[in-house]
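Q: Numbers given in the working numbering equal positions in the sequence shown, counted from 1, plus 47.
I am attaching a structure below and will ask some questions about it afterwards.
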Amino acid sequence: QFQESMLETPGNLLSGGWRMRLALAQALYSEPDILLLDEPTNHLDLSAILFLEKFLVRNNMTVVVVSHDGHFLDAVCTDMIKFEDCKLKYHVGNYSSFREREEQMWSRNCRKADAVALQEKKAKEFIAKQRSMANSKHRDDNKQRQAAERQKKLGRLGLFAENGQKYKLLAEGNTKNGGSNRAGHIFGNYTNTAGFQSAFVSNEKHAFGENRQLLNFNFPAAQPLKGGGTDMITMDDCRFRYEGMDSWLLQDMTLNVSFGSRIAIVGKNGAGKSTLLNILSGELKVSGGKFRSHPTLRVAHIAQHHIEHLASFLELRPVDYFMQQHHAKNEYEARQYLGQFGLVGSLALQKIGTLSGGQKARLAFATVLYKEPHVLILDEPTNHLDKDSLESLSVAVEKFQGAVVVVSHNQDFMSRCANEMWTVSDNRVRVQVADGESATFDDLFENYKEGLRAELGKKVKV
């Protein structure tokens, strides 16, 4: 709820979470018949997300939502629409069932690709052998004819219809539908069994997953700390308050970040999560207690509003922005590096203002990670990322060998990237470790969610 003091605050001075709450309150107050929501969970804390889920489920309105938060979609949505290759594809069911169906189709098409590849390999070997014997006295005319037939059929390998059945290459007018199923329409642009746009099932799996491969994040390797040791940041009984504050915003903090740490920070909007990240990154100094960081430590901090920072550079190309930030030697080197973050080809050369939110996020990541950090500090990194970008970010963070400290509301992302949960509440930080035996990270997070649900049920009636 908005506190009395916040009601007089200009909207542009509110935090990202409170700005999103304000926008949602404005939309919900009008009691619309159709509610359009574009990434509504961005910048919201978990308590606000749970409230929104409850509100949308209980109120009788049509909701169309764009979101990358799978748990939110499961809680709210009854149908899914996938927008891909300028087409809408419909699925009845929640996000989990949609994702399961997509993975099943993907696996099925990959199996088909393997089968087609093997079939093509054998055919080419047979053709090559018969060609080598074409002028031999030991040639077999029957096998020569077979080789010629197989050469013709090579181009037809892997032709599948939407229903998963092979196309029959029928002569025109030789079907009950007057030839509508003839081969001619096959070689246009159609959707194959796994939803990939292609005229045939390629013998290379990467042809199916071209978009997936382009989305890879390739984080630079974390080098060992000079001088040895694994402790990167230690805090002993630290406390902090901003100038002019009478009481501590954060106190009694005894925390440790070491090489390989995987830490997720949770808490309500305004509890001090971003402040804690700024302390860990060295952008803020503690007001009391002992704070120590390794003298050779390099930190990469992706702030909550990393995309908004790019608003002043919308007329620049990504390659120009990167060279400006890091004084790169030449455009070739800059483009080569940006390509590791999916900004390939023309994406690196068009104006930043024309990039999508996910592409801008990639540019922000690429810029911050250039100096090979030992610690990644990520404040709501999943905001503005689509499903595939979120998946590739998760993989990159999992592979990163240094320490990771992340503030996020996305349970799937945190579950893959964290084994410690720091809860910021009542001006303190509570540390819980998931050892994998007595408790997993999902167990810790579910307990945290249950506490919020119970609190929400007491305070708010939807």
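For each residue, glycine too, the CB sits at the ideal point set by N, CA and C.
What residue from 74, 184, 176, 170 has the CA that sits closest to residue 199's CA?
A: Closest option to residue 199, Cα to Cα, is 170.
Q: Three-state secondary structure (DSSP) at residue 135?
A: Strand, per DSSP.
Q: Determine the DSSP secondary structure at residue 490, reduced to helix, strand or coil.
A: Three-state result, residue 490: helix.
Q: For residue 88, list the residues DSSP reports as bridge partners.
A: Answer is none; residue 88 lacks a bridge partner.
Q: What distance in whole Å lies between the Cβ atoms of residue 492 and residue 458, which are believed to be in contact at a cut-off of 8 Å?
A: Between residue 492 and residue 458 the Cβ distance is about 6 Å, and since that is below 8 Å, they are a contact.
Q: With a threshold of 7 Å (Cβ to nearest heavy atom), would residue 352 be considered close to the ligand FAD?
A: Annotation note on the ligand FAD: not contained in the displayed structure, which lists no ligands.
Q: Grouping DSSP H, G and I as helix and E and B as strand, with all else coil, what is residue 153?
A: Reduced to three states, the DSSP call for residue 153 is helix.
Q: Round the Cβ separation of residue 123 and residue 83 to the nearest angstrom and send it over; I've been treating them as touching at under 8 Å.
A: Incorrect: roughly 13 Å between the Cβ atoms, too far for contact.
Q: Can you name the start and end residues of the beta strand (DSSP E) that residue 286 belongs to?
A: Note, residue 286: beta strand (DSSP E), 278-287.
Q: Find the nearest neighbour of residue 307 within the set 51, 490, 464, judged by alpha-carbon distance.
A: Nearest C-alpha to residue 307: 464.
Q: Considering Cα atoms alone, identify which of 197, 55, 397 is closest to residue 69.
A: The candidate whose alpha carbon is nearest that of residue 69 is 55.
Q: Just verifying my parser: in three-state terms, what is the DSSP assignment at residue 295?
A: DSSP places residue 295 in coil when its eight states are reduced to three.
Q: Determine the burial state of residue 316: buried for a count of at least 16 other Cβ atoms within 10 Å of its Cβ, exposed for fewer.
A: That one is buried.
Q: Would you call the segment 153-160 in contact with the segment 175-182, where contact means no fewer than 3 C-beta pairs closer than 8 Å?
A: Flag = no, the segment 153-160 and the segment 175-182 do not touch.
Q: Considering only residues of the segment 337-403, which uninterrupted alpha helix (DSSP H) runs meet the minimum length of 4 residues and lie entirely inside it, listed in chain order?
A: Complete alpha helix (DSSP H) runs here, min 4: 365-373, 378-386.
Q: Confirm, please, whether the CB-CB distance from residue 269 to residue 387 is below 8 Å.
A: The answer is no: Cβ separation not under 8 Å.
Q: Are residue 126 and residue 138 closer than 8 Å when you measure CB to CB?
A: Yes, they are a contact pair.
Q: Mind reading off the beta-carbon distance from residue 440 to residue 399? Whole number of angstroms is fine, and I expect it under 8 Å.
A: About 20 Å; that fails the 8 Å criterion.
Q: Figure out for me which residue from 352, 502, 310 has the closest Cα to the Cα of residue 482.
A: When only C-alpha atoms are compared, the closest one is 310.
Q: Alpha carbons only, please: which of 397, 201, 283, 437 is nearest the one belonging to residue 367?
A: Comparing Cα positions, the closest option is 397.
Q: Going by DSSP in three states, residue 498 sits in which element: helix, strand or coil?
A: Note: residue 498 maps to helix in three-state DSSP.
Q: Taking buried to mean at least 16 other C-beta atoms within 10 Å of its own C-beta, is residue 300 buried or exposed?
A: Result: buried.
Q: Cα separation between residue 355 and residue 140?
A: For residue 355 and residue 140, the distance between alpha carbons rounds to 35 Å.
Q: Could you check how far apart the C-beta atoms of residue 476 and residue 467 are, in whole angstroms? I think they sit under 8 Å.
A: So it is not a contact: roughly 11 Å between Cβ atoms.
Q: Alpha carbon to alpha carbon, how far is residue 410 from residue 334?
A: If you take the alpha carbons of residue 410 and residue 334, they lie about 34 Å apart.
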